[in-house]
Amino acid sequence: MKNFATVDLENIDSLNEGLNRLPNKEGNFTLTTILNYIYALIGLVAVFYIVLAAVNFATAHGDVGKVTKAKNTIVFAVIGLIIVVLAAAVTNFALTALN
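Printed below as a string of structure tokens:
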């Protein structure tokens, strides 16, 4: 079988420079990175629920049940966002203090 495109990754200067800039000396780098991705994902889910609840609120047409459900969804999503921000602050502070 013929290879149409082969690349020698060891000779790419920009790749080597980028890999050398990674902070590999910190022990908690991977844990911090993983937690930050998790917090970002949870934040995106909360924002999605806020937008979804806003659409439900706008299309409720005066139905009290739908309006109440949309308001509760927005309140709970905002509370979730506050908890995620606080959790991110606490874990980042703790992991920074451990270094």
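Offset between the sequence shown (1-based) and our numbering: plus 1038.
Where is the CB? At the ideal position from N, CA and C, for every residue including glycine.
Going by DSSP, Ala1098 is part of no alpha helix (DSSP H) at all; its letter is neither H nor E. Rounded to the nearest whole angstrom, the CA to CA distance from Asn1094 to Val1122 is 24 Å. Out of Phe1131, Ala1126, Ala1135, the CA that lies nearest to the CA of Leu1073 is found in Ala1126. Of the candidates Val1102, Ala1084, Leu1079, the residue whose Cα lies closest to the Cα of Val1113 is Ala1084. Shown here, Asn1110 sits in a helix according to DSSP, grouped into three states. Using a 10 angstroms sphere on the CB of Ala1078, the tally of other CB atoms stays under 16, which defines it as exposed. Taking C-alpha positions only, Gly1118 is separated from Thr1111 by approximately 10 Å.
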